[in-house]
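To keep things clear, I will list the structure first and then write my remarks on it.
Protein chains: 6
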Amino acid sequence: MRIKIINPNTHLEGTKRIERVAKAHARSDTEVIAVSPEKGPDAIEGSYDEALAVPGVLEEIKKGIEDGYDGFIIACFLDTGLYAARDLTDKPVIGIGEASMHMACMLGRRFSMLLPAPRWDITYVLAEFVRRYGLEARFASARGIGLGVLDIDKDINKTLEILKEEGTKAILQDGAEVILLGCAGFAELDKKLEKELGVPVIDPVIAALKFMEAILDYGKKTSKISFRLPERLKK
Amino acid sequence: MRIKIINPNTHLEGTKRIERVAKAHARSDTEVIAVSPEKGPDAIEGSYDEALAVPGVLEEIKKGIEDGYDGFIIACFLDTGLYAARDLTDKPVIGIGEASMHMACMLGRRFSMLLPAPRWDITYVLAEFVRRYGLEARFASARGIGLGVLDIDKDINKTLEILKEEGTKAILQDGAEVILLGCAGFAELDKKLEKELGVPVIDPVIAALKFMEAILDYGKKTSKISFRLPERLKK
Amino acid sequence: MRIKIINPNTHLEGTKRIERVAKAHARSDTEVIAVSPEKGPDAIEGSYDEALAVPGVLEEIKKGIEDGYDGFIIACFLDTGLYAARDLTDKPVIGIGEASMHMACMLGRRFSMLLPAPRWDITYVLAEFVRRYGLEARFASARGIGLGVLDIDKDINKTLEILKEEGTKAILQDGAEVILLGCAGFAELDKKLEKELGVPVIDPVIAALKFMEAILDYGKKTSKISFRLPERLKK
Amino acid sequence: MRIKIINPNTHLEGTKRIERVAKAHARSDTEVIAVSPEKGPDAIEGSYDEALAVPGVLEEIKKGIEDGYDGFIIACFLDTGLYAARDLTDKPVIGIGEASMHMACMLGRRFSMLLPAPRWDITYVLAEFVRRYGLEARFASARGIGLGVLDIDKDINKTLEILKEEGTKAILQDGAEVILLGCAGFAELDKKLEKELGVPVIDPVIAALKFMEAILDYGKKTSKISFRLPERLKK
Amino acid sequence: MRIKIINPNTHLEGTKRIERVAKAHARSDTEVIAVSPEKGPDAIEGSYDEALAVPGVLEEIKKGIEDGYDGFIIACFLDTGLYAARDLTDKPVIGIGEASMHMACMLGRRFSMLLPAPRWDITYVLAEFVRRYGLEARFASARGIGLGVLDIDKDINKTLEILKEEGTKAILQDGAEVILLGCAGFAELDKKLEKELGVPVIDPVIAALKFMEAILDYGKKTSKISFRLPERLKK
Amino acid sequence: MRIKIINPNTHLEGTKRIERVAKAHARSDTEVIAVSPEKGPDAIEGSYDEALAVPGVLEEIKKGIEDGYDGFIIACFLDTGLYAARDLTDKPVIGIGEASMHMACMLGRRFSMLLPAPRWDITYVLAEFVRRYGLEARFASARGIGLGVLDIDKDINKTLEILKEEGTKAILQDGAEVILLGCAGFAELDKKLEKELGVPVIDPVIAALKFMEAILDYGKKTSKISFRLPERLKK
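Read top to bottom, the protein sequences are chains A, W, B, S, X and P. Mapping the first sequence onto the working numbering, position 201 (from 1) lands on 205, and the numbers just tick up by one. Mapping the second sequence onto the working numbering, position 227 (from 1) lands on 231, and the numbers just tick up by one. Mapping the third sequence onto the working numbering, position 47 (from 1) lands on 51, and the numbers just tick up by one. Mapping the fourth sequence onto the working numbering, position 151 (from 1) lands on 155, and the numbers just tick up by one. Mapping the fifth sequence onto the working numbering, position 198 (from 1) lands on 202, and the numbers just tick up by one. Mapping the sixth sequence onto the working numbering, position 128 (from 1) lands on 132, and the numbers just tick up by one.
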């Protein structure tokens, strides 16, 4: 099976990291690549960035259809452009945000998300995002770690330290039983953090990749009842 | 006060109709224009259309900021690009969908929406849309009237007849107390339908215009806590 | 247009203040007066006060119908007698509580309310009130400032100081993006507090007045499906 | 123990029937009376009636406190004035609507209510009422039987027939497992209807009476955290 | 009337205490006994214990049917095996958890539960339990007191002290107006704690007993729509 | 990886069919077996059956731990004993009901379930089940096909015909976009029904198997915060 991962931003280093993580976890019979759109914002930090990133994502979906890919993963935690992408094809399209939440639901009662940026700034944005999928009863909290995206890599030990701190609060104060890493910058920290916290820590890219393999293995496709192109665009 | 209405699609006849309706209901001291983006889809019939329409909407917001408009209305019932537009400015930005729902909440217990397209195709898409604003407890139903956007104008009496039929079902079967006309093509039918149905029938463009005048009069602006540009884009 | 504001309590100084605020924000073509019922409690601090205030409110609605007013505003944050008043007339009747919440929903993701009295005493009463309108997904918190209604005016700077303190907690701890001033005693503090907090601060009386003007301009009335007098009372 | 039942309307025949039913089901050591307020509407058919009935209900509560009653039951299915009555005393006050719903929850998964008046007129009013208590997940439906309050008694067999018909629909179409009789006019029909429908049928007056006996036996009182008189009224 | 209480665990001292409490609160015409299953876990501290306890509970229900008991109470706060027991008989079966919540709803706006074990460990398990009955809107919190079941009795004054401490937090921080004692080990502490906290404190065994007497007095039975044995087991 | 599927009932033919389906869809490096408990009910048709089946399921989990299996699947649509099984081990345990719902959520907006038995009998039982996982916003309906478990096999073409009929109603009337086959007896009908209905049709056993492979590949385990044995049972 051939899976195309689309990183909605144009930060190519991030795209490479996503590909590296994906290849490390793909099955031997899975071919996976990660790309960025040719044009668009180099980070997705809000609705404005999202809006400008989506057309490029859709271009990559279209190219991917022509190139015969079997499934598509949208590799931004906010699932940028997911529903629009589903309109374009009956090949499965999975967002890493939704995939990580659904996996978490089968491993524990409630999940929390760790993201960059200060706490008060993101909690309710994420709550709204979770609500979009109807998963609010399983949502414990979203916690920002107060680091800019660029700061994350500078001192990876410090980053891990802060993740541990906020993750512990998520467990003890918010009732989280599973932790989601809501930023590609946190990739490859899942195992270490899991060891520190003692609860499952999920890298959303890997969750989406494994669920995509599962869905493709079973041969399921996107339902085309409401996810579809309008008649006037079909020809 | 100066209000700019942005019709997210490029169907200019629709834009003119929106402007005509708006001018007819604007206060004497309100200056209002309606525009379409230069590029983009000529209809918004799903997430794919929405995604391609948003960048053009944002361009019009930016131009409108430069031109000194006081407030912006997004004139598609699905509030295309609303949150991204709010990221760009602290001037109020209102979607016609949300405005019509909030007005309906002050006139009756529950509202239904009438839209083109067959019923089974839209109910749950709209339910999801209503849920985004947390108004599901006030939502009675969304009903399609089974006409294409272009068919609506062909025989306006027939359109009115079908609207009356589905509106009656919304009231008697779904529990609606207020009816929202979810398509610019239904503009100028609100009064006639209201007479037929005996309950308030709201044209969302007018609802948004009147609420925008109200908000501008009071001098309120968009909260910039979570609706804002990321730091890296500010300069 | 002619709007009658009914302050459900008989504290005439408060009624005058409400009228002063309303006149200051009314359009030039809006005639607005504020009255209190002839009899009833001089403050509304709970369900018992509410119950005794409602008959007087309804008397004022009846008089207002005879006097040809176009719309009615109920000027108590708990919307005392709102549904009963709607039973009496198809002229629009708006509560200042609901109006301020609906306006807040178009300016930010979540709102908090600031009220007199200690915190633990009001949070859940207000939550129940918000739930009545189905707006709980947009509700961040209700915070009391621990001052009696009479203390508010004694040292207006101290009052402002405490409002700022609790408003800041509402933003940082509860996730509020818009603040509602839930007491007529806070009137004329909205602009000052807005400057301090940096988020929209809404005076509910003004929100209701502006929305009433909007609804009257558009010619909408209350739906009479469930808000109506029983047959036996109609003659 | 001495229990005072207050029928919020002044229809004395109804009050007698309530008393007769209550006495028939009271324990031998329970003294129970039913009264109507001296003044007020002779039927409660909406918010307007409710508003005018409440002051009389509160007068009866006050008299009942002086007369040393141990508990109070408000005998209108919409629990007219319940929260205001609780403000007045720490003696338990129970509404027959809430009591019947709580009893139903311990006998089956979901309940429906049968009331006079046509279906489309009451469903959502009742849904709102159920929501006030947070019981919407247990609510199957409210069904009107299309008879005026006075018609109910005219042909009791016909009334029973219609109740059976609508009750059957509630079970088969709405998923009800327990039926609540939402009108004092239906009193003394519970056993017959139960035999016809094969599911528990609850007379709310009896449910409230038995739960009041239970609560008094155990010595529990109303919590005075939020149900209480304001300081200024206590002396 | 004859009521059989089944303590799902085999800790006979606890069963005796339950019986003692029940007999102390039963009416003179109520015969009540408490039993434990012959086999099964000696404590219910999670889903595993629950699963192993249920078959024994069902055996006791069967024996109780043969012995002609009129109603059954399941005396574990998590209502162990309640729905399975209801499948077996149309005699009413009440769980002490549900009974205490329904009683609390008629005494105050929101309730909290006090249980053994640390706070972070139980909050969300209990939230899930409350959600099963659809009562989440009335649920303030579940608080653990950090004592093992065996420690509770060792120093009853210390236990009371901690209950008071956590109960106070439940009231002031979580918004509780009624407190439920979620452990048989807390039996006979309700009155003392009530005096300390100033809000109703409910012993769930007593709540269930009094509600069972109420339901039996009224002659109501379990609805057999969905609570019933499959056809293949009926003969 | 080695996966053990536990069919909670003792109907061995069903167990064989489950194993056959699982082996047909397992990856080449997956070893999968299906077993039934030694003792227990031969069908799970309600809470009573469930209660008696769980102890046998837990025995099989324990044996499976000793035998070194990597993950466990509970192959009853109601996820019989799932939480108790999770208490026993940190190896992932997945219910086929939850797995099929989570897969459906990534393929369409709402799902319906087709099950044996008449419609009015199961809708609300299933709604309660869905609510346990917090997925009610994604749930369209549960529809019974009115066949006994044994009748399903008798005339497989007729079964398919009825499934098609009810599935069509689920799509057109209830708003389903994905169909779940809620009975092992429907195994091997998924592809045929999918062709007829034109929307994804999910066999829950396969969904659970593929998700288990995904989770094991990634090395995730069950969170042991609340799913765990009590201290007294650990040694």
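Backbone N, C-alpha and C fix where the C-beta goes; we use that ideal spot for every residue, glycine too.
Sub-8 Å separation of residue i and residue j beta-carbons
i: V25(W); j: D207(W); result: yes
i: Y128(P); j: K214(A); result: no
i: A218(W); j: A218(B); result: yes
i: R232(S); j: D91(S); result: yes
i: G101(P); j: L82(P); result: yes
i: T14(S); j: P45(S); result: yes
i: D147(S); j: E170(S); result: At residue 147(S) the sequence reads Arg, which differs from the Asp that was named. In contact: R147(S) and E170(S) (Cβ atoms closer than 8 Å).
i: L197(P); j: L220(P); result: no
i: A191(W); j: R31(W); result: no
i: T226(S); j: L184(X); result: no
Counted within 10 angstroms of its Cβ, other Cβ atoms place residue i as buried (16 or more) or exposed
i: S145(W); result: buried
i: N161(A); result: exposed
i: E35(W); result: exposed
i: E17(B); result: exposed
i: G150(A); result: exposed
i: D53(A); result: buried
i: D194(A); result: buried
i: L86(S); result: buried
Neighbour flag for residue i against chain D, beta carbons, 8 Å
i: R21(A); result: Protein chains A, W, B, S, X and P are contained in the structure displayed, whereas chain D is not.
Any C-beta of chain W under 8 Å from that of residue i
i: L92(A); result: yes
i: F6(P); result: The amino acid at residue 6(P) is misidentified as Phe; the sequence shows Arg. Not an interface residue.
i: R135(P); result: no
i: P59(A); result: yes
i: L185(A); result: no
i: F215(B); result: yes
Neighbour list for residue i in chain B, Cβ cutoff strictly below 7 Å
i: Y52(W); result: Going along chain B, no residue has its Cβ under 7 Å from Y52(W), so there is no contact; the nearest lies around 26 Å.
Contact set between residue i and chain X, taken where Cβ atoms lie within less than 8 Å
i: P204(S); result: K224, K225, T226 and S227
is_contact[residue i, chain B] using C-beta, thresh 8 Å
i: R147(X); result: no
i: D46(W); result: no
Test: residue i CB closer than 8 Å to a CB of chain A
i: R236(B); result: no
i: C109(P); result: yes
i: V182(P); result: yes
Chain A contact residues for residue i, given Cβ-Cβ distances below 8 Å
i: G85(W); result: A55
Neighbouring residues, chain S, relative to residue i (Cβ below 8 Å)
i: L233(B); result: G50 and Y52
Beta-carbon neighbours of residue i, restricted to chain P and to distances below 9 Å
i: A88(X); result: G50, S51, Y52, D53, E54, A55 and L56
Residue-level contact to chain X via CB, residue i, 8 Å cutoff
i: R114(A); result: yes
Heavy atom of the ligand FMN within 7 Å of residue i beta-carbon
i: I48(W); result: Of the ligands one can find in the structure shown there are none, so the ligand FMN has no counterpart to examine.
Partners in chain B for residue i, counting only beta-carbon separations shorter than 8 Å
i: L62(S); result: Y52, A55 and L56
Min CB distance residue i to chain S below 8 Å
i: R142(X); result: yes
7 Å Cβ cut-off: residues of chain S touching residue i
i: H106(X); result: H106, C109 and M110
- beta strand (DSSP E) runs contained entirely in the segment 48 to 130 of chain A, provided each spans 3 or more residues: Annotation: the segment 48 to 130 of chain A contains the following complete segments of the beta strand (DSSP E) (minimum length 3 residues), in chain order: 75 to 78, 97 to 99 and 115 to 119.
- Query: Which residue spans inside the segment 136 to 196 of chain A form an unbroken beta strand (DSSP E) run of at least 3?
  - Reply: 143 to 148 and 182 to 185
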